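A.B. asks: By the count of my numbering, the sequence shown reaches residue 1208 at its end, each step adding exactly one. Every residue gets a Cβ at the ideal spot worked out from N, C-alpha and C, and that includes glycine. All values reported here derive from a predicted model rather than from experimental measurement. Shown below is the structure under consideration.
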Amino acid sequence: MVDRGQKPIGIVMPLAAQQGGAEALLMNFLRHASGKHEYVCTFLEDGPLVAEVQALGFTASVFPATRISDPANCLMTIGRLTRWMTKSRLSAVLSWMPKAHLYSGPAAFLAKVAPLWFQHGIPAPSRINRTIAAIPANGILCCSLAAKVAQDAISPHRPTAVCYPGVSFAQRKPVAMAYARARVGLPLQVPIIGMIARLENWKGAHVFLEAARILAKTQSSMCFFIVGGSHPRDLAYADELNAQAAKFELGNRFLLAGQRPASEVPLWQAAADIIVHPVTGEEPFGMAIVEAMGMGKVVIASDAGGPREIIRPGLDGFLIPRGDASALAARIVQVLDNPEERSSVERGAIHRAEAFTVDAFVKRVDDLAEFFVPTTNR
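Following this line, the structure appears as structure tokens:
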């Protein structure tokens, strides 16, 4: 039950359309909100997420922001946020992404509201990240220890805490592999290796493709797929992958399935024998990893960033050096050739995924909000 004696907490979200994990995480958070605190939302653009948040029963306002380099719009947006915070009698405001803190941080200062923000990435010590850090904040919620370490290295230092994202498992009951393969049109009696990720270079789809080329030489029936659409920041990458697949002459053994409806993704996960996540950059967390583990899949991921904090090698998954297609191919073969070890890791994966549920995430956010917000603000 919400304590009506407490002031609500505001959430400021800069994006209003689904692009990545931060948007999905917000919707999962609101769907599973504990009721311990009242949350009200504001978006810095209009879009589908506004209506979705309202449909969940939350108040959602829109204060359009253009670019931080547009002084007039910036000041107008800060003014609107200040009035919204004051009128809503907020105890705190949680900027759901760093960009939102550029606007809500100054507004929180003017409205005398405790400012918090969520670091969903692993920040580099760039000019923009130093600017964001310069704006006062009572606390920064970091999606992993790797993100926290990187944030702590940026001056001026603000209080930080690890707040692992929560994953909503779409399928609590196991989906039969044969059923899933039939639904998505994959062959029934062959080993299938899959990857769920948007098509950005740092996600490492080209590493997976190179591993597929290596495996295709000795594994005559093995098939591969990638589910994920092009990303606005890297539109040419999908074309590069298609050209590379054609060059490797993998034919219909390697399927770039494109963006699929969220309701269909669990079927692709269930259809795979193994899920890979061979990022070449710094993965802040890795929600797709946890989703696959929750379905009892062996995940092979790069040994860096969030995956290193999620996977315990040999117990609930495997880690490989970043960018090493040969190591990825070798580990895939090892997993398939050792059914007893595979079964043990699959069981371990299900158990490990339970540490990253949405309910655990909601509780952590609630607890950190109370930790970072002065009693006088509540």
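Taking only three categories from DSSP, how would you classify Cys-972?
C.D. replies: strand
A.B. asks: I'd like to check one pair, Val-992 with Ala-977: are the Cβ atoms closer than 9 Å?
C.D. replies: yes
A.B. asks: If we count the other Cβ atoms within 10 Å of its Cβ and call it buried at 16 or more, is Phe-1201 buried or exposed?
C.D. replies: exposed
A.B. asks: What is the DSSP secondary structure of Phe-1038, counted as helix, strand or coil?
C.D. replies: helix
A.B. asks: Which stretch, first to last residue, makes up the alpha helix (DSSP H) that contains Trp-1098?
C.D. replies: 1095 to 1101
A.B. asks: Using DSSP's beta-bridge definition, name the partner residues of Tyr-869.
C.D. replies: Ile-839.
A.B. asks: How long is the line joining the alpha carbons of Met-831 and Ser-1050, rounded to whole angstroms?
C.D. replies: Confidence in Met-831 is poor, its pLDDT being 44 and thus under 50, which makes the residue's placement unreliable; the coordinate value appears in the next sentence. Distance between the alpha carbons of Met-831 and Ser-1050: 58 Å.
A.B. asks: Quick one: is His-1099 buried, meaning 16 or more other Cβ sit within 10 Å of its Cβ, or exposed?
C.D. replies: Checking the sequence, you will find Gln at residue 1099 rather than His. With 16 or more Cβ atoms within 10 Å of its Cβ, Gln-1099 is classed as buried.
A.B. asks: Using DSSP with H/G/I as helix, E/B as strand and the rest coil, what is Leu-1065?
C.D. replies: Collapsing the DSSP output to three states places Leu-1065 in coil.
A.B. asks: Helix or strand or just coil, what does DSSP make of Ser-1060?
C.D. replies: strand
A.B. asks: Using the rule of at least 16 other Cβ atoms within 10 Å of the residue's Cβ for burial, across every protein chain shown, is Ser-974 buried or exposed?
C.D. replies: buried
A.B. asks: Is it buried or exposed, Glu-1184, if we count other Cβ atoms within 10 angstroms and call 16 or more buried?
C.D. replies: exposed
A.B. asks: I'd like to know if the stretch 1069 to 1076 and the stretch 1108 to 1116 are in contact, where contact means that at least 3 CB-CB pairs between them fall below 8 Å.
C.D. replies: no
A.B. asks: Could you give the distance in angstroms between the alpha-carbon of Val-1128 and the alpha-carbon of Leu-1166?
C.D. replies: 10 Å
A.B. asks: Taking only the alpha-carbon atoms, compute the straight-line gap between His-1061 and Leu-1029 and give it to the nearest angstrom.
C.D. replies: Taking the Cα positions, His-1061 is about 6 Å away from Leu-1029.
A.B. asks: Cα separation between Val-842 and Glu-1139?
C.D. replies: 28 Å
A.B. asks: I need the straight-line Cα distance from Thr-896 to Val-1192, nearest angstrom please.
C.D. replies: 30 Å
A.B. asks: On the criterion of 16 or more Cβ atoms from any shown chain inside 10 Å, does Asp-1146 qualify as buried, or is it exposed?
C.D. replies: buried
A.B. asks: Just verifying my parser: in three-state terms, what is the DSSP assignment at Ile-1119?
C.D. replies: helix
A.B. asks: Out of curiosity, what's the CA-to-CA distance linking Ala-1042 and Val-1120?
C.D. replies: 23 Å
A.B. asks: Note down the Cα distance separating Ala-771 from Thr-1206, rounded to an integer number of angstroms.
C.D. replies: The requested residue 771 does not occur in the structure, where the chain is confined to residues 831 to 1208.
A.B. asks: In three-state DSSP terms, what is Leu-905?
C.D. replies: helix
A.B. asks: In its own chain, which residues sit with a C-beta less than 7 Å from the C-beta of Ala-1035, not counting the 5 before and 5 after it?
C.D. replies: Around Ala-1035: Met-1025, Ala-1027, Leu-1029, Ile-1056, Leu-1071.
A.B. asks: Using a Cβ-Cβ cut-off of 6 Å (strictly less than) and excluding sequence neighbours within five positions of Gly-1058, which residues of its own chain qualify?
C.D. replies: Ala-1027, Arg-1028, Leu-1029
A.B. asks: Which of the three DSSP states is assigned to Met-831 in this structure?
C.D. replies: Low per-residue confidence applies at Met-831: pLDDT is 44, beneath 50, and the placement is therefore not dependable, though the value from the model is reported in the following sentence. Here Met-831 sits in coil by DSSP.
A.B. asks: Run through the DSSP bridge pairs and tell me what Trp-947 is partnered with.
C.D. replies: Ser-925, Ile-970
A.B. asks: DSSP beta-bridge partners for Ile-1150?
C.D. replies: Its beta-bridge partners are Ser-1132.
A.B. asks: Can you grab the Cα-Cα spacing for the pair Val-883 / Ala-890, in whole Å?
C.D. replies: 7 Å
A.B. asks: By the DSSP assignment, the alpha helix (DSSP H) with His-862 in it spans what residues?
C.D. replies: No alpha helix (DSSP H) holds His-862; DSSP gives it neither H nor E.
A.B. asks: For Ser-1173, report the span of its alpha helix (DSSP H) as first-last.
C.D. replies: 1169 to 1183
A.B. asks: In this structure, does DSSP put Ser-918 in helix, strand or coil?
C.D. replies: helix
A.B. asks: Can you say whether Lys-942 is buried or exposed, counting buried as having 16 or more other CB atoms within 10 angstroms of its CB?
C.D. replies: exposed
A.B. asks: Please classify Asn-1082 as buried or exposed, where buried requires at least 16 other C-beta atoms within 10 Å of its C-beta.
C.D. replies: exposed
A.B. asks: Out of Trp-926, Met-1052, Leu-932, which has the shortest C-alpha to C-alpha gap to Gly-909?
C.D. replies: Leu-932
A.B. asks: Could you name the residues of the same chain whose beta carbon sits closer than 7 Å to that of Leu-855, not counting the 5 residues immediately before and after it, in chain order?
C.D. replies: Pro-995
A.B. asks: In the DSSP assignment, find the beta strand (DSSP E) that holds Phe-1186 and state where it starts and stops.
C.D. replies: No beta strand (DSSP E) holds Phe-1186; DSSP gives it neither H nor E.
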